[in-house]
Amino acid sequence: MAQSRTDRIGTIFSRMTALVRADVLHPNNLPLWYEVYKTFPPKYEPKYNRKPPTTEIQNIFYQEDLIRAKFQKDISVPIIDMKNNDVTKTQMFYTLYECLLQGGVEKEEAYKKAMIRYKSIFKIYESKKSHKSTKPNKP
């Protein structure tokens with residue numbers, strides 16, 4: 004059966020060390036990571052056959068993420084252009100929500116009131132936007 008070279012030779016650190024000891028590689032030509040690795044070796048030797056830790060990785064959710072996800076589920080918003088520096092509609096909603104929370108309103112009530120304000124703001128904005136211009140088109 005064919006085996007990998009890592010089975011027989013070892014880690015990249017041990018291979019680099021062997022090259023230095025055999026005078027194949029001059030100590031001045033060592034990569035930057037070599038000195039760092041030598042000074043701060045890992046707790047466990049990095050081997051391919053080492054079992055990964057069994058600890059479960061926890062999901063990181065911030066309160067803001069949960070509110071944004073709920074908002075995105077309730078309202079269909081357009082695709083966000085990452086090159087555009089304008090405030091997104093989701094951020095506008097979250098700002099309204101935060102203002103209500105700071106005013107002492109409970110979370111569910113703040114969400115409902117922020118949704119009402121958000122809808123009223125964008126209905127006004129969309130109705131202004133939908134009016135046709137009175138300026139004549141230039142050819």
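Numbering of the sequence shown is given in our numbering, commencing with residue 4 and proceeding in unit increments. Glycine included, each C-beta is placed from N, C-alpha and C at the ideal position.
C-beta contact flag for residue i and residue j at 7 Å
{"i": "residue 117", "j": "residue 99", "result": "yes"}
{"i": "residue 65", "j": "residue 96", "result": "no"}
{"i": "residue 49", "j": "residue 14", "result": "yes"}
{"i": "residue 30", "j": "residue 23", "result": "yes"}
{"i": "residue 40", "j": "residue 16", "result": "yes"}
Residue i versus residue j: straight-line alpha-carbon distance, rounded
{"i": "residue 21", "j": "residue 62", "result": "42 Å"}
{"i": "residue 43", "j": "residue 57", "result": "24 Å"}
{"i": "residue 106", "j": "residue 94", "result": "18 Å"}
{"i": "residue 46", "j": "residue 69", "result": "37 Å"}
{"i": "residue 90", "j": "residue 75", "result": "15 Å"}
{"i": "residue 60", "j": "residue 85", "result": "29 Å"}
{"i": "residue 38", "j": "residue 18", "result": "14 Å"}
{"i": "residue 73", "j": "residue 32", "result": "55 Å"}
{"i": "residue 113", "j": "residue 36", "result": "52 Å"}
Sequence-distant residues of its chain with Cβ nearer than 6 Å to residue i (five each side left out)
{"i": "residue 83", "result": "91"}
{"i": "residue 134", "result": "Interpretation of residue 134 is limited by its pLDDT of 48, a score under 50 that renders its predicted location unreliable; no figure is taken from the coordinates."}
{"i": "residue 71", "result": "93"}
{"i": "residue 125", "result": "none"}
Chain-order list of residues whose beta-carbon lies under 8 Å from that of residue i (same chain, five-residue window excluded)
{"i": "residue 77", "result": "118"}
{"i": "residue 110", "result": "104"}
{"i": "residue 53", "result": "47"}
Contacting residues, own chain, Cβ-Cβ under 7 Å from residue i (five flanking each side not counted)
{"i": "residue 80", "result": "92, 93"}
{"i": "residue 108", "result": "116"}
*Which runs of the alpha helix (DSSP H), 4 residues or longer, sit entirely within the stretch 24–75?*
Runs of the alpha helix (DSSP H) inside the stretch 24–75: 35–42.
*Along the chain, which unbroken stretches of the beta strand (DSSP E) at least 3 residues long are found entirely within the stretch 82–115?*
Segments of the beta strand (DSSP E) lying fully in the stretch 82–115: there are none.
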